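Using my numbering, you'd call the opening residue of the sequence shown number 1 and step up by one each time. One structure is given below, encoded as structure tokens.
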Amino acid sequence: MLGMSALKFLEDVGCCRRCILVYLGDRSDILYAQLSLVNETIQKFVQQLNTDEEGVVVCSQDYSSSEYKENNDIKKTIVNDQNEVCTDSDGTVILSKNGNLEHIVKKQKCAVCITCIGLLQWGCSTDAVKLLSESVSHAGHDAAGFTLALSFPVSLSLRVHWIWALLLQAYPQFPTKGRDDHVGTIKDVWKNVVGPQVAAVVGKTFIVGPYQDFVLNVTSTYIHDLQDCKIMDQLCGNMFASRQKQRRKYSNGVYSKQAIDTAIKKLSDQEFLKVCSIPPSIPDEAISFSSLQCLHAPIYMAGRYNKYSRDLPQTPWFVEGERKLESSVQELLCQPLNKAVCAEDIKFSSSGREDVDVRCLGNGRPFVIEFINPCHTKFSREDISKLQNLINDSTRLIRLRDLQIIDK
Ligand SMILES: [Zn+2]
């Protein structure tokens with residue numbers, strides 16, 4: 001019964017329900033939101049695997065009964081759609097191999113998934129959705145839709161590789177279609193579970209797919225990430241020892257995702273399992289969101305200005321840290337405009353430099369303003385005309401004309 005045995009393996013090793021379904025090779029995005037549906041689908045996959053196996057001689061080791069011995073049964077209880085609780089009877093799970101090697105895992109009251117480190121558990125909970133929604137709402141951007149971008153700890157991809165190697169060692173016939181871009185699938189599952197929930201709270205459309213105009217960038221971290229990655233020293237000692245020596249060169253850290261992926265690709269599963277013969281440690285806490293950042297694509301405004309004063313520099317004028325003149329063309333234009341746009345930063349550029357004491361008459365000098373991470377981006381012609389009048393009414397030093405939103 002390949003399906004049943006593999007399912008038991010994944011459960012015993014400490015995978016959450018959503019992760020189990022990803023191992024089974026499911027790629028349908030929608031069903032992951034409801035754990036009841038996840039469980040139903042797991043059963044279907046398991047039955048299919050059992051059926052497919054008929055007539056095939058399975059020469060796998062039964063990992064759960066021979067190599068991998070638990071002295072306690074892990075009892076899994078589905079508490080609700082968001083949380084999964086695993087307990088064991090005396091609090092210690094001992095995994096033993098050949099009676100020599102023992103790996104003691106601390107008691108997990110609320111077991112954090114050994115693969116996703118809680119990303120598809122806590123990371124999909126109502127608490128997590130609340131954090132994400134508040135971040136979008138407080139940022140105050142006027143975008144109608146949003147996408148999600150997620151970065152996660154390096155150890156997550158190491159763990160995925162690790163569990164796959166153990167799973168295939170135990171069940172060589174287990175279908176490997178779920179292994180291709182498994183980490184990408186975890187990301188997609190997370191986005192598709194939380195995205196619609198955040199959308200319902202913030203009143204914006206969740207857009208599946210690559211970054212468009214407005215994105216919520218989520219950085220997730222795991223407190224023991226570095227500790228997990230140290231296993232690479234045993235797997236590929238030379239490579240990581242030399243990276244340690246040249247730490248300054250590797251700004252992304254000695255154990256970057258790319259370095260670990262590259263190192264692992266060079267190893268066969270057999271070589272990998274020589275060092276990683278037992279599962280990785282069960283995380284004692286879930287990943288957390290260390291940074292939530294809303295980012296809107298820039299918008300651009302262009303126009304022309306005349307300058308009538310001989311005491312007005314183009315940009316703020318400082319000499320040895322001391323301000324020379326009170327104002328500048330840039331400030332007279334950008335400050336009122338940014339009051340309306342509420343951008344994080346602005347970049348002003350005009351065609352050519354002009355001296356302080358030179359006036360600019362005629363058709364005026366063309367300029368472009370880039371508004372970086374703007375909150376308000378939707379301006380009608382009337383709005384733009386009002387902004388232009390506001391600036392022209394506020395000063396006699398310059399005159400603004402042809403103000404408009406441009407693509408770039
Ligand atoms: Zn998981």
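The beta-carbon is built from N, C-alpha and C at its ideal position, and this holds for glycine as well. Just so you know, these numbers come straight off a predicted model, no measurement behind them.
**OP:** Look at the alpha carbon of C113 and the alpha carbon of W122, and state the distance between them as a whole number of angstroms.
**Re:** 10 angstroms
**OP:** Kindly confirm or deny that the segment 140 to 157 and the segment 221 to 229 touch, where touching means at least three C-beta pairs closer than 8 angstroms.
**Re:** yes
Original post:
Identify the residues that DSSP records as bridge partners of L148: which are they?
Top reply: L216
**OP:** Determine the contact status of V46 and L7, defining contact as a CB-CB distance below 8 angstroms.
**Re:** Yes, the pair counts as a contact, with Cβ atoms nearer than the cut-off.
Original post:
Going by alpha carbons, who is nearest to V444 out of E11, V319, A165, C15?
Top reply: Because the chain spans 1 through 408 in this model, residue 444 falls outside it and cannot be assessed.
**OP:** Please name the residue in H376, L400, V189 whose C-alpha comes closest to that of S385.
**Re:** L400
Subject >> Nearest to V254 (by Cα), restricted to the options S290, V160, C236 >> reply: C236
Subject >> Complete beta strand (DSSP E) runs within the segment 311 to 375 (minimum length 3 residues, chain order) >> reply: 345 to 350, 360 to 372
**OP:** Could you say if the segment 299 to 318 and the segment 131 to 147 meet the contact criterion of at least three C-beta pairs nearer than 8 angstroms?
**Re:** no
Original post:
Where does V57 land, buried or exposed, given buried means 16+ other C-beta within 10 angstroms?
Top reply: A caution first: V57 carries a pLDDT of 39, below 50, which makes its placement in the model unreliable, though a value can still be read off. Its Cβ having fewer than 16 others within 10 Å, V57 is exposed.
**OP:** Would you give the residue range spanned by the beta strand (DSSP E) that Q303 belongs to?
**Re:** Before going on, a small fix: residue 303 reads as Gly here, not Gln. Start and end: 299 to 307.
Subject >> Stretch-stretch touch, CB-based, cutoff 8 angstroms, three pairs: the segment 203 to 210 with the segment 268 to 283 >> reply: no
**OP:** Report, in whole angstroms, the separation of the C-beta atoms of A302 and P366, which I expect to be a contact under 8 angstroms.
**Re:** 7 angstroms
**OP:** Taking R179 as the reference, give the member of R243, G25, A128, L403 with the closest Cα.
**Re:** G25
**OP:** Compute the Euclidean distance between the alpha carbons of I264 and L273, then round it to the nearest angstrom.
**Re:** 11 angstroms
Original post:
Taking contact to mean at least 3 C-beta pairs separated by less than 8 angstroms, is the segment 283 to 294 in contact with the segment 189 to 197?
Top reply: Touching, no.
Original post:
Which residue from P316, G3, L167 puts its Cα closest to that of T51?
Top reply: Check the Cα spacing between T51 and each of P316, G3, L167: the tightest is with G3.
Subject >> Three-state class that DSSP yields for L292 in the structure shown >> reply: strand
Subject >> Contact set for G364: own chain, Cβ-Cβ below 7 angstroms, skip 5 residues either direction >> reply: Short of 7 angstroms from the beta carbon of G364, and not among the five residues preceding or following it, lie these beta carbons of its own chain, in chain order: R304, Y305, N306, R401.
Original post:
Taking the alpha-carbon positions, what's the H376 to V201 distance?
Top reply: 20 angstroms
**OP:** Classify K266 as buried or exposed, calling it buried when 16 or more other Cβ atoms lie within 10 Å of its own Cβ.
**Re:** Exposed, since its Cβ has fewer than 16 Cβ neighbours within 10 Å.
Subject >> D311, buried or exposed, once every other Cβ within 10 Å from all chains shown has been counted against 16 >> reply: exposed
Original post:
Apart from the five residues on each side of it in sequence, which residues of its chain come closer than 7 angstroms, Cβ to Cβ, to D393?
Top reply: Around D393: no qualifying Cβ.
Original post:
Which partner residues does R205 have in the DSSP bridge list?
Top reply: The displayed chain sequence assigns Thr, not Arg, to residue 205. The partner list for T205 (beta bridge, DSSP) reads G145.
Original post:
Are there 16 or more other CB atoms within 10 angstroms of the CB of Q212, so buried, or fewer, so exposed?
Top reply: exposed
**OP:** With ligand 1 as the reference, list in chain order each residue whose Cβ lies under 7 angstroms from any of its heavy atoms.
**Re:** C15, C16, R18, C19, C113, T115, C116, L119, L120, Q121
Subject >> C-alpha gap between L216 and C116, whole angstroms >> reply: 20 angstroms
Original post:
Which two residues bound the contiguous beta strand (DSSP E) that contains R399?
Top reply: 398 to 406
Original post:
Does the separation of the CB atoms of L148 and G195 fall below 8 angstroms?
Top reply: yes
Original post:
Do L167 and F379 have their C-beta atoms closer together than 8 angstroms?
Top reply: no
Subject >> Spatial distance of T262 from S256 (CA atoms) >> reply: 10 angstroms
Subject >> CA-to-CA distance, A343 to S418, given in whole angstroms >> reply: Examination of residue 418 is not possible in this model, given that the chain is present from 1 through 408 alone.
Original post:
How about K339 and E370: are their beta carbons less than 8 angstroms apart?
Top reply: no
Original post:
Where R27 and G184 are concerned, what is the direct C-alpha to C-alpha distance, given to the nearest angstrom?
Top reply: 11 angstroms
Original post:
Apart from the five residues on each side of it in sequence, which residues of its chain come closer than 7 angstroms, Cβ to Cβ, to T221?
Top reply: P153, I287, S288, S290
**OP:** Kindly indicate the opening and closing residues of the alpha helix (DSSP H) around Q258.
**Re:** 257 to 265
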